[in-house]
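*Asks:* Chains as they are written, first to last, in this note's numbering: chain A, -18 to 254; chain B, -18 to 254. Structure provided below as structure tokens; questions to follow.
2 protein chains.
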Amino acid sequence: MPARKSEHERVSQRELLASAHLLADTSGPAILKYFRKKLVVEDKGSGGRFDPVTVADKAAERAIRRQLRRLHPDHAILGEEEGFTAGSSPITWDIDPIDGTRAFMTGMPLWGTLIGVTFEGRAIVGMMDQPYTAERIWSADKAAYWRNAGGKTQRLRSTPCRSLADARFTTTSPDLFVEASEKEVFARVRHAARMTRFGGDCYAYCLLAAGHVDVIIEAGLKPYDIVALVPIIEGAGGVVTSWTGSRPEDGGRILATGDPRLHEKLLKITSQA
Amino acid sequence: MPARKSEHERVSQRELLASAHLLADTSGPAILKYFRKKLVVEDKGSGGRFDPVTVADKAAERAIRRQLRRLHPDHAILGEEEGFTAGSSPITWDIDPIDGTRAFMTGMPLWGTLIGVTFEGRAIVGMMDQPYTAERIWSADKAAYWRNAGGKTQRLRSTPCRSLADARFTTTSPDLFVEASEKEVFARVRHAARMTRFGGDCYAYCLLAAGHVDVIIEAGLKPYDIVALVPIIEGAGGVVTSWTGSRPEDGGRILATGDPRLHEKLLKITSQA
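Next up, the structure:
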């Protein structure tokens, strides 16, 4: 179906963003039904690792996929719960209905729904929706925006911060760093940073875009954990790459800074892992 | 002034709670003016430890103290910023305008204003106010309540959880555990718990009261970090003590659980530190 494929290739970023808003409008209420309620929790982890899956996660991804199939039937979908569904278009939607499952399970409103779009593997549109605090953050036209509960939307700009000694460093958990070389990078950054704050997941990357966090270092991320955040960070003036400086869309080890000069310095540390 | 003193001794818990609401109504807007804004940060730590103080912290404590002097001129006040002010009454107000300064500085809405009251050293009234999410949690008549942004107030009940293997464990940061024996207790609880989530400060204790967190272990707390939370946890059916099982009002090493049976089990671990 070459005609159809080329038609979908021409879907503009603005249309993709409009679709992302519709998807978040759907997923928010679907997830909130379960937030701070008694949850049925399965353990899908292997070995000793605990990897919680909630009913809410699955219900929200189902709802998002159903709507996506209607809006963009040819696009591929990569979702946390149901994996990869191929499409005939070079566009893929990377979906994580509840990024920050541990936050969700303990009632902390720092989880978010991640909706990202890649074109030929490169992130071009991103959205993070936090329905409990009624906050939504997204990228558009190489910029990033934050809408508050009151409906006020502000353009985001990351904060200049040239030195790690001045930097507010966050990472979701020290447990993200598994290999010895990862632990060493984490220890070096933690001890050199002005302050360290744990817990944050996707919400922390949006705070970096908004200028309240200066550096985030994490490891073991999946593509759907980061794709949606890439255009938001880049649109706000920040930089996000792998620990070796390559594009971040595949996940794994991630380095994000609000100031490009700090990113350059930190790469010298992270690239040694 | 014995007549005046006895008059203030008879201040009812209901009156104290009404005053706490007034104080939180004052402190919320005073603090929000500075949340997610550029902050002037001083380092009041000695040695290598970073201990941020914000303009917001100081402004809010000043406002709270001014109002308290009007409402209850004879009561003592212990505040994070200005220390202890003696009173002629056996009632002390324990105030932490921004508990969770690191959360505040990184833009995460998990800090809170703590307003607690002790009578002869025992916590009798407590309130945690989170003005950004418009959530307020308090104790009254041996019960605990949570008011949401929408104005809906719900009575809190902690969740039964008899075993650490089923428990959701949170602690603000692994850095709280400084001494070797503290680190060992932390490691034992962390490895035995079903899951661990970092970051939370006062907000996590309220989530424990609400039944979303099962156990919290922390160390190095000040009285004003915990006094306000004690009647909330107890009012919801939980237990909060020191690591040896004594009353928690003095701060230090704190163990809180939603289920009294789990508390009994954990004391066997924590009391070894």
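Think of the CB as a built atom: it goes at the ideal place given N, C-alpha and C, for glycine as much as any other residue.
Quick check: what's the CA-CA separation for Ala146 (chain B) versus Ala173 (chain B)?
*Replies:* Taking the straight line joining both Cα atoms gives about 6 Å.
*Asks:* Mind pulling the chain A residues with CB within less than 9 Å of Ala84 (chain B)?
*Replies:* Near Ala84 (chain B) (Cβ distances below 9 Å), the residues of chain A are Arg178 and Gly180.
*Asks:* Bridge partners of Val36 (chain B), per DSSP?
*Replies:* The partner list for Val36 (chain B) (beta bridge, DSSP) is empty, contrary to what the question assumes.
*Asks:* Run the CB neighbour count on Gly28 (chain B), radius 10 Å, all protein chains shown included, and call it buried at 16 or more, exposed below.
*Replies:* Unreliable placement is indicated for Gly28 (chain B), whose pLDDT of 45 sits below 50; the coordinate value is still reported in the next sentence. Gly28 (chain B) should be labelled exposed.
*Asks:* How would you call Val221 (chain A), buried or exposed, if buried means at least 16 neighbouring beta carbons within 10 angstroms?
*Replies:* Val221 (chain A) should be labelled buried.
*Asks:* Please classify Asp32 (chain A) as buried or exposed, where buried requires at least 16 other C-beta atoms within 10 Å of its C-beta.
*Replies:* Here the model assigns Asp32 (chain A) a pLDDT of 44, short of 50, so the residue's position is not dependable, and the following value carries that caveat. By the 10 Å Cβ count, Asp32 (chain A) comes out exposed.
*Asks:* What I want to know is whether the C-beta of Glu160 (chain B) ends up closer than 8 Å to one or more non-hydrogen atoms of the ligand ATP.
*Replies:* Absence of the ligand ATP from the depicted structure is noted, as is the absence of any ligand whatsoever, leaving it without description.
*Asks:* Could you give the distance in angstroms between the alpha-carbon of Gly64 (chain B) and the alpha-carbon of Val166 (chain A)?
*Replies:* Rounded to the nearest angstrom, the two C-alpha atoms are 39 Å apart.
*Asks:* Assess, as a yes-or-no matter, whether the segment 179 to 197 of chain A is touched by the segment 151 to 159 of chain A under the definition of 3 or more beta carbon pairs within less than 8 Å.
*Replies:* With a cut-off of 8 Å, the segment 179 to 197 of chain A and the segment 151 to 159 of chain A count as touching, because enough Cβ pairs lie within range.
*Asks:* Give the secondary structure of Asp122 (chain A) by DSSP, where H, G and I count as helix, E and B as strand, and everything else as coil.
*Replies:* Asp122 (chain A): coil per DSSP, three-state reduction.
*Asks:* Judging by CA-CA distance, which residue of A:Met89, A:Gly81, A:Gly60 and A:Met108 is the nearest neighbour of Gly97 (chain A)?
*Replies:* Checking every option, the nearest Cα to that of Gly97 (chain A) belongs to A:Met108.
*Asks:* Using beta carbons (cut-off 9 Å, strictly below), is Leu264 (chain B) in contact with chain A?
*Replies:* Residue 264 (chain B) cannot be examined here, being either before or after the span of chain B that is shown, -18 to 254.
*Asks:* I'd like to know if Leu145 (chain A) contacts chain B, where contact means its C-beta is closer than 9 Å to some C-beta of that chain.
*Replies:* It does not: the Cβ of Leu145 (chain A) has no partner Cβ on chain B nearer than 9 Å.
*Asks:* Residues in the same chain with beta-carbon distance under 6 Å from Ala217 (chain B), minus the five sequence neighbours each way, listed in chain order, please.
*Replies:* Cβ neighbours of Ala217 (chain B) beyond the five flanking positions: Ala125, Leu137, Arg138, Ser139 and Ala190.
*Asks:* Between Met258 (chain B) and chain A, is any beta-carbon pair separated by less than 9 Å?
*Replies:* Look at the range of chain B in this structure, -18 to 254, and you will see that residue 258 (chain B) is not part of it.
*Asks:* So is Asp75 (chain A) buried or exposed if we call it buried at 16+ other beta carbons inside 10 Å?
*Replies:* Asp75 (chain A) should be labelled buried.
*Asks:* Just tell me which of A:Ala40, A:Arg47, A:Leu247 and A:Lys133 has its CA closest to the CA of Phe150 (chain A).
*Replies:* It is A:Leu247 whose Cα lies nearest to the Cα of Phe150 (chain A).
*Asks:* Measuring CA to CA, which of B:Ile197, B:Gly131 and B:Ala41 is closest to Ile214 (chain B)?
*Replies:* Answer by Cα proximity: B:Ile197.
*Asks:* Going by DSSP, name the residue or residues bridged to Asp110 (chain B).
*Replies:* In the DSSP output, where bridge partners are listed per residue, Asp110 (chain B) has B:Thr94 and B:Arg117.
*Asks:* From the DSSP output, in three-state form, read off Asp266 (chain A) for me.
*Replies:* The structure shown does not extend to residue 266 (chain A), since chain A is modelled only from -18 to 254, so the question has no answer here.
*Asks:* Check each candidate in A:Arg143, A:Pro10 and A:Ala121 and name the one with the smallest Cα separation from Thr134 (chain A).
*Replies:* Ranking the options by Cα distance to Thr134 (chain A), first place goes to A:Ala121.
*Asks:* Please confirm if Ser27 (chain A) has its CB atom under 9 Å from at least one CB of chain B.
*Replies:* The predicted position of Ser27 (chain A) is uncertain, since its pLDDT is 47 and thus under 50; a value taken from the coordinates is nonetheless stated next. No, its Cβ sits nowhere closer than 9 Å to a Cβ of chain B.
*Asks:* In chain order, what residues of the same chain lie with their CB nearer than 6 Å to the CB of Ala115 (chain A), ignoring the 5 residues before and after it?
*Replies:* Excluding positions up to five away in sequence, the list reads Ala130.
*Asks:* In chain B, which residues lie with their C-beta within 8 Å of the C-beta of Val194 (chain A)?
*Replies:* Ordered by position in chain B, the residues that pass the 8 Å Cβ test against Val194 (chain A) are Thr87 and Gly88.
*Asks:* Tell me whether the beta-carbon of Pro112 (chain B) lies closer than 9 Å to the beta-carbon of Ser8 (chain B).
*Replies:* Contact flag set, yes.
*Asks:* Closest to Gln261 (chain A) by CA distance: which of A:Ser69, A:Lys123 and A:Leu4 is it?
*Replies:* Residue coverage of chain A in this structure runs from -18 to 254, which leaves residue 261 (chain A) outside it and unanswerable.
*Asks:* Looking at chain A, which residues of the segment 155 to 169 of chain B have a Cβ within less than 8 Å of any of its Cβ atoms?
*Replies:* Here the close residues are Pro155 and Asp156.
*Asks:* Where are the alpha helix (DSSP H) runs, 4 residues long or more, that stay fully inside the segment 150 to 193 of chain B, in chain order?
*Replies:* The qualifying runs are 161 to 173 and 182 to 190.
*Asks:* Do three or more CB pairs link the segment 224 to 236 of chain B to the segment 45 to 59 of chain A at distances below 8 Å?
*Replies:* The segment 224 to 236 of chain B is not in contact with the segment 45 to 59 of chain A.
*Asks:* Leu59 (chain B) CB to nearest chain A CB: under 9 Å?
*Replies:* No, Leu59 (chain B) lies away from the interface with chain A (no Cβ there is under 9 Å from its Cβ).
*Asks:* By the 10 Å Cβ neighbour count, where 16 or more other Cβ atoms means buried, how is Glu199 (chain B) classified, buried or exposed?
*Replies:* Per the 10 Å Cβ criterion, buried.
*Asks:* Under 9 Å between the Cβ atoms of Ile118 (chain B) and Arg128 (chain B)?
*Replies:* The answer is yes: Cβ separation under 9 Å.
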